[in-house]
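Undergrad:
Numbering (the numbering used here), first residue to last: 1 to 253.
(1) In chain order, which continuous runs of the alpha helix (DSSP H) of length 4 or greater are located wholly inside the stretch 47 to 123?
(2) Is residue 180 near residue 169, with beta carbons less than 7 Å apart?
(3) Check whether the stretch 83 to 103 and the stretch 204 to 219 touch, using three or more Cβ-Cβ pairs below 8 Å as the test.
(4) Pull up the CB-CB distance for residue 186 and residue 156, whole angstroms please, since I reckon it's below 8 Å.
(5) If residue 232 and residue 127 are in contact, beta carbons under 8 Å, what's the gap, nearest whole angstrom?
(6) Since residue 166 sits in a beta bridge, which residues does DSSP pair it with?
(7) List the DSSP bridge partners of residue 216.
(8) Are the stretch 134 to 148 and the stretch 160 to 167 touching by the rule of at least three beta carbon pairs closer than 8 Å?
(9) Helix, strand or coil: how does DSSP classify residue 186 here?
(10) Measuring alpha carbon to alpha carbon, tell me which of 149, 206, 29 ends up nearest residue 178.
Now the structure itself:
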């Protein structure tokens, strides 16, 4: 990370551009006057005073009322804790309001059936983990693509099986099935013949009887792992119905 990146990060934490530059300048100097800060930044000398006072109000700078006025940054640990606390406080206030708005506008009517689309391996992995983590009794995980079965995903499936859930891994790939060959808590099966290697590689994830995710990959995508696109639904009649259809087609009892 260079100085420009650090300034942008501090801005995202709530500082203005000038505040970030003055704060970093004071870290370089260990302390100094407005004139000295101005000499190593592009902050106008006339504005260094107000900017430094603003940093002092935030608890990031100490001010010595001398002639000329001296400014000194607080310790890195103190600055980090100050910014962290501020971020958490702002986040809490924002989401408290969002929750209040949600409650005020909830008319108690039945919510519409929600079927969502996701694109990208990272986002689909995250949703897959949520479904697996949220399951209470059984999980079905199916893929013919070994790259989809990451070490983290494998470990999560093993952990849920250890928790006592019924975990079924279904795959036409011998490599995928072999991953769980040593774990008798996980049932591993091969799908019916119609699910052959000509089908687009992707995944099927079922959590209990109310959570569903299905994906396909584009083998011609620039990304070697293939651009993955998925649909998912949780707590809807669609998820329940389609889960039943998938289980019937896969021969899952």
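No residue lacks a Cβ here, since even glycine has one placed at the ideal position from N, Cα and C. Just so you know, these numbers come straight off a predicted model, no measurement behind them.
TA: Taking the definition as stated:
(1) 76 to 104
(2) yes
(3) no
(4) About 12 Å; that fails the 8 Å criterion.
(5) 6 Å
(6) 138
(7) 202, 229
(8) yes
(9) strand
(10) 149
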